[in-house]
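Let me begin by presenting the structure, written as C-alpha cells, before commenting on it.
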Amino acid sequence: MNIRPETTVDYLAIAEVNNLAFGRENESQLIAKIRLSDFYIPELSLVAEVDNVIVGHILFSYIELFGEEKLQVLGLAPMAVHPQFQKQGIGSALITAGLTKAESRGESLVIVLGHPQFYSRFGFVPSVNYGIKSSFPVPEDVFMVKPLNNYQAKYQGKVIYPSAFHQV
Ligand SMILES: CC(C)(COP(=O)(O)OP(=O)(O)OC[C@H]1O[C@@H](n2cnc3c(N)ncnc32)[C@H](O)[C@@H]1OP(=O)(O)O)[C@@H](O)C(=O)NCCC(=O)NCCS
Numbered sequence: 139m140n141i142r143p144e145t146t147v148d149y150l151a152i153a154e155v156n157n158l159a160f161g162r163e164n165e166s167q168l169i170a171k172i173r174l175s176d177f178y179i180p181e182l183s184l185v186a187e188v189d190n191v192i193v194g195h196i197l198f199s200y201i202e203l204f205g206e207e208k209l210q211v212l213g214l215a216p217m218a219v220h221p222q223f224q225k226q227g228i229g230s231a232l233i234t235a236g237l238t239k240a241e242s243r244g245e246s247l248v249i250v251l252g253h254p255q256f257y258s259r260f261g262f263v264p265s266v267n268y269g270i271k272s273s274f275p276v277p278e279d280v281f282m283v284k285p286l287n288n289y290q291a292k293y294q295g296k297v298i299y300p301s302a303f304h305q306v
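The numbering of the sequence shown is the numbering used here, which starts it at 139 and goes up by one.
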C-alpha cells in the first residue's frame with residue numbers, strides 16, 4: 139500500500155471510493171465543495187493505493203474555532219475505504235499518515251465526529267475535555283479532538299463548520 143497526496147487526476151477515483159463506502163454521494167460532493175473553498179489543504183487530502191489503484195481516501199480541511207479569538211483547526215472528514223479493502227488497516231494508515239503530515243505542518247488541533255472506539259486509538263478524546271463544543275447537538279463522546287504538538291490552551295470554544303458541510 140502507498141499513501142500520497144491527491145492530484146487532480148485522482149478526483150474521479152476518490153469520488154467512486156467515497157460513493158461506494160458511504161452508499162451515497164453526499165461525501166463525494168462535500169469533498170468537491172471543500173476543494174473549491176479556502177478551507178482546502180491539498181497535501182492533507184491523501185489517497186491510499188494498492189497496485190496503483192486508489193482504494194482509500196482521507197481529507198483534513200480547515201474549520202473554525204470561535205472562542206476569545208477565531209482560530210483555524212483541522213477537521214477530519216470524510217474518510218472512506220473501498221468496501222472490498224476495509225478492515226485491513228488502510229483507514230488506520232490514512233489517519234496516521236494524515237496526523238504525521240498535520241504535525242509537520244505545525245497544525246494545532248484535529249477535530250473529528252466519529253466512533254469513539256475507533257478514533258481513541260489515535261489519541262482522540264472527547265472535545266469537552268478541552269473546552270471545545272460542537273455548534274450542533276451531538277453526543278459528547280462522538281465529538282472528539284486530538285491536540286497536536288503545537289496545541290495551546292487558547293484552543294477553546296465552539297466549532298463552526300464551513301458552509302460546504304451544511305448540506306451533508
Ligand atoms: C471507517 C473506514 C474508513 C475504516 O477503514 P478501514 O480500512 O476498514 O479501517 P481499519 O482496517 O484501519 O480499522 C478497522 C477498525 O475500525 C473499526 N471501524 C471502522 N468503521 C467503524 C464504524 N463505523 N464503527 C465502529 N468501528 C468501526 C472496525 O471495527 C475495525 O476494528 P478492528 O481493528 O478491531 O477490527 C471504513 O470502514 C469505511 O470506509 N467506512 C464507510 C465510510 C465511513 O463510515 N467513514 C467514516 C466516517 S467519515
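Beta carbons: idealized from backbone N, C-alpha and C, even for Gly.
- Around the beta carbon of Pro-275, fewer than 16 other beta carbons lie within 10 angstroms, which makes this residue exposed.
- The beta carbon of Lys-171 sits no closer than 7 Å to any heavy atom of ligand 1.
- Counting only the Cα atoms, Asn-157 lies some 17 Å from Leu-184.
- About 5 Å separates the CB atoms of Leu-247 and Pro-285; that is less than 8 Å, so the two are in contact.
- By the C-beta criterion, the stretch 144 to 162 is judged not to be in contact with the stretch 204 to 213, since fewer than 3 inter-stretch pairs fall below 8 Å.
- Boundaries around Leu-150 are those of the alpha helix (DSSP H), 149 to 160, since no beta strand (DSSP E) includes it.
- Val-211 has its alpha-carbon roughly 15 Å from the corresponding atom of Glu-181.
- Residue environment: Val-191 is assigned as exposed (fewer than 16 neighbouring CB atoms within 10 Å of its CB, all protein chains considered).
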